[in-house]
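Sequential numbering of the sequence shown, starting at 141, is according to my numbering.
Please read the structure below before turning to the comments.
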Amino acid sequence: MLSRSTQSLKAARRALSSSRIAAVVPTLASRPVSRLQVVGCPTPSPIRAFSGSAVRKDQEESTRPEIDTPPSLYTFTEEEEMLRETVRKFANEVVKPRVYAMDEAEQMDPDIIKALFDQGLMGIETSAEHDGSEMSFMAAIIVVEELAKVDPSISVMCDVHNTLVNSTLRLYGNEDVKARFLPRLATNTLGSFCLSEPASGSDAFALQTTAKLDESGDNYILNGSKMWITNSGEAEIFLVFANVDPSKGYKGITCFAVEKEMGVVIAKKEKKLGIKASSTCLLSFDDVKVPKENVVGEVGKGYKIAIDILNEGRIGIAAQMIGLAQGAFDQAVTYAYTRKQFGKAVGDFQGMAFQFAEVLTEIEAARLLTYNAARLKEQGRPFVREAAMAKYYSSVVAQRASGMAIEWAGGVGFTREVGLEKYWRDSKIGAIYEGSSNIQLETIAKLLKKDYV
Ligand SMILES: Cc1cc2nc3c(=O)[nH]c(=O)nc-3n(C[C@H](O)[C@H](O)[C@H](O)COP(=O)(O)OP(=O)(O)OC[C@H]3O[C@@H](n4cnc5c(N)ncnc54)[C@H](O)[C@@H]3O)c2cc1C
141 MLSRSTQSLK AARRALSSSR IAAVVPTLAS RPVSRLQVVG CPTPSPIRAF
191 SGSAVRKDQE ESTRPEIDTP PSLYTFTEEE EMLRETVRKF ANEVVKPRVY
241 AMDEAEQMDP DIIKALFDQG LMGIETSAEH DGSEMSFMAA IIVVEELAKV
291 DPSISVMCDV HNTLVNSTLR LYGNEDVKAR FLPRLATNTL GSFCLSEPAS
341 GSDAFALQTT AKLDESGDNY ILNGSKMWIT NSGEAEIFLV FANVDPSKGY
391 KGITCFAVEK EMGVVIAKKE KKLGIKASST CLLSFDDVKV PKENVVGEVG
441 KGYKIAIDIL NEGRIGIAAQ MIGLAQGAFD QAVTYAYTRK QFGKAVGDFQ
491 GMAFQFAEVL TEIEAARLLT YNAARLKEQG RPFVREAAMA KYYSSVVAQR
541 ASGMAIEWAG GVGFTREVGL EKYWRDSKIG AIYEGSSNIQ LETIAKLLKK
591 DYV
């Protein structure tokens with residue numbers, strides 16, 4: 141069992157309304173969190189200005205009148221700030237010591253899964269009525285980002301469970317479906333989102349899994365297979381997209397909540413380049429009987445659910461990628477300022493420092509795209525183009541930052557035990573799942589054309 145070194149999210153939330161918050165995260169309640177501290181970078185030392193003043197312009201007391209202006213993207217609720225601090229602590233104290241072993245074993249540690257549930261991180265947006273933490277979409281993004289700084293495998297497990305599985309049930313399930321599945325998914329049962337098949341990846345709606353009503357009219361019988369399904373090695377609940385009437389094409393696609401015990405078979409566990417601790421399996425469905433009460437949303441509307449959920453899910457993958465990029469950057473740059481060659485820290489050579497500056501700028505840009513997409517979604521404004529941009533660009537930045545991090549650490553970066561090569565291996569998946577980079581570019585291009593034609 142893991143030691144409960146950090147306060148559970150639910151307990152921390154309760155503490156928000158009372159003075160107990162000070163005991164949970166002592167520094168948080170008493171001081172505002174600066175922008176750079178929020179994103180996990182060291183506080184910069186004062187810069188000497190041309191005037192000779194050692195005080196930075198943005199540190200001077202403002203004498204200007206306050207202008208009523210919208211807040212920056214680095215504005216978080218107190219609850220979101222506290223959550224970030226809590227998850228950061230959890231990731232460093234509980235997850236970090238196990239990352240290397242999980243990657244080597246290509247196995248998720250069951251204690252970590254349990255700890256995520258215990259912390260309230262597996263029902264982030266789920267209502268309190270359904271035993272969830274009832275927080276914002278941005279809260280989920282913060283959790284995914286913070287976990288990815290330490291381990292992108294844990295991060296994607298949490299991301300898929302929250303932003304795909306829970307969200308589908310929360311937003312499309314009827315009251316009965318929500319009551320039966322959401323409390324379990326918030327407290328102890330892992331979920332999977334099963335859309336892709338061997339012959340349908342980017343072209344997801346060419347799926348061939350069928351669901352036929354049996355003679356009684358009470359059950360659907362599922363047949364087919366699903367490929368590359370995240371969490372499926374440990375999951376007990378599977379959201380499965382199957383076609384109830386292939387003659388109708390994509391308009392026959394329907395979403396079902398399927399219990400493992402109904403007959404879901406794990407046909408193969410994939411061996412992968414990265415995110416090795418996250419299970420990715422081939423599933424087969426051979427006459428799996430699913431009660432018609434387990435249809436999620438309307439029959440024939442599964443395609444719409446998949447489109448909508450993946451549009452917002454992409455912001456989660458963008459968050460995973462910016463967390464990964466920042467994690468690799470923090471580790472490598474810290475090392476570069478301790479490693480001495482030619483009589484000084486290698487990080488102090490301009491050739492290195494300019495590379496740090498470029499990459500941190502790119503991470504910052506990717507983060508702003510991601511936060512903006514998340515806030516637009518929360519506010520009910522159009523966000524599909526922005527989500528695709530965030531996912532696309534964050535995956536580019538993650539690959540670059542983690543690749544550069546290896547080089548900045550030299551030979552040490554190339555060895556397995558320090559973990560920089562793991563970030564790089566893990567970064568490749570960002571350009572593939574939940575819509576490949578070409579699919580994101582296609583979405584952006586389609587939507588931008590409307591502004592010009
Ligand atoms: C580790 C992992 C976890 C995954 N988890 C899940 C999961 O939990 N649930 C789930 O349902 N799926 C999951 N997937 C599947 C994932 O979503 C698909 O792999 C992805 O959508 C790409 O499909 P594909 O692999 O079939 O590639 P393909 O569609 O065959 O694409 C191959 C290449 O062709 C390009 N391409 C395809 N179509 C076009 C086009 N129209 N224009 C330009 N280029 C194009 C692609 O960009 C790509 O470069 C996972 C995959 C992996 C590897």
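For every residue, glycine included, the Cβ atom is placed at its ideal position computed from N, Cα and C.
Just so we're clear, the structure is a prediction, and the values are computed from it rather than from any experiment.
Check: residue i C-beta below 7 Å from any heavy atom of ligand 1
i    : result
C421 : no
S293 : no
I445 : no
V300 : yes
T303 : no
G341 : yes
T349 : no
C395 : no
E246 : no
F425 : no
E582 : yes
S576 : yes
T370 : yes
For residue j and residue i, the rounded distance between their alpha carbons
i    : j    : result
Y592 : V524 : 18 Å
F257 : G272 : 10 Å
L508 : R515 : 10 Å
T612 : Y214 : Nothing in the structure corresponds to residue 612, since the chain is present only between 141 and 593.
K484 : D470 : 20 Å
E582 : V405 : 35 Å
V178 : G440 : With a pLDDT of 31 at V178, under the threshold of 50, the predicted position of this residue should be treated as unreliable, and no value is reported.
D358 : G467 : 50 Å
Y573 : S342 : 9 Å
V537 : N363 : 40 Å
A279 : P205 : 32 Å
R160 : E557 : Confidence at R160 is low in this model, with a pLDDT of 27, below 50, so its placement is unreliable and the value that follows should be read with caution. C-alpha separation (whole angstroms): 39 Å.
I584 : Y533 : 12 Å
K480 : V486 : 6 Å
R521 : N512 : 11 Å
F482 : F489 : 10 Å
N208 : K531 : Just to set this straight, residue 208 is Asp in the shown sequence, not Asn. When rounded, the distance between both Cα atoms is 32 Å.
I457 : C334 : 17 Å
A231 : S356 : 50 Å
E613 : V227 : Limits of the chain in this structure are 141 at one end and 593 at the other, which puts residue 613 out of reach.
I361 : G437 : 18 Å
K254 : L422 : 24 Å
A375 : F345 : 24 Å
T266 : A319 : 11 Å
V239 : E221 : 25 Å
N578 : E219 : 36 Å
T183 : E504 : Its pLDDT being 35, under 50, T183 is placed unreliably by the model, and the measurement read from it follows with that caveat. In a straight line, the C-alpha of T183 is about 15 Å away from that of E504.
Q348 : E315 : 29 Å
Nearest-angstrom Cβ-Cβ length linking residue i and residue j, presumed shorter than 8 Å
i    : j    : result
I445 : A527 : That belief does not hold up - the Cβ atoms of I445 and A527 are roughly 16 Å apart, past 8 Å.
Q495 : M461 : In fact, because the Cβ distance is near 19 Å, the residues do not count as touching under 8 Å.
M297 : S418 : 6 Å
L450 : G313 : The Cβ separation is near 17 Å, so there is no contact.
K416 : S293 : 7 Å
V435 : F378 : About 14 Å; that fails the 8 Å criterion.
E561 : G551 : The pair is not a contact, with the Cβ atoms about 11 Å apart (cut-off 8 Å).
Among the options, the one whose alpha carbon lies nearest that of residue i
i    : options                : result
G331 : Y312, T370, I415, D316 : T370
G570 : M242, A288, F277       : A288
L304 : G463, F277, D316, V486 : F277
L223 : T203, G263, A245, I282 : I282
S340 : F381, E244, S267       : F381
L322 : A268, R204, A459, Q348 : A268
M402 : E410, S424, V430       : V430
L464 : D208, L500, K517, Q247 : L500
Y475 : I546, N302, T217       : I546
A241 : G559, N578, R310, L587 : G559
R310 : V284, I264, K352       : I264
S529 : K229, D316, G453, G392 : In the sequence as presented, Ser is not what sits at residue 529; that position holds Met. Among K229, D316, G453, G392, the Cα nearest to that of M529 belongs to G453.
A493 : A472, K412, T510       : A472
K391 : E433, L413, Q259, Y443 : Y443
E498 : R540, S424, D299       : R540
Identity of the residues DSSP links to residue i by a beta bridge
i    : result
K236 : DSSP lists no partner for K236.
C421 : I369, K409
T350 : N363, N383
C395 : F381, V436
V428 : L362
S340 : E337
Contact test: residue i Cβ vs ligand 3 heavy atom, cutoff 7 Å
i    : result
Y573 : Judged by which ligands are present, ligand 3 is missing from the structure shown, whose ligands are ligand 1.
Within-8 Å CB hit, residue i to chain C
i    : result
C334 : As a matter of chain content, chain C is missing from the structure shown, which is built from one protein chain.
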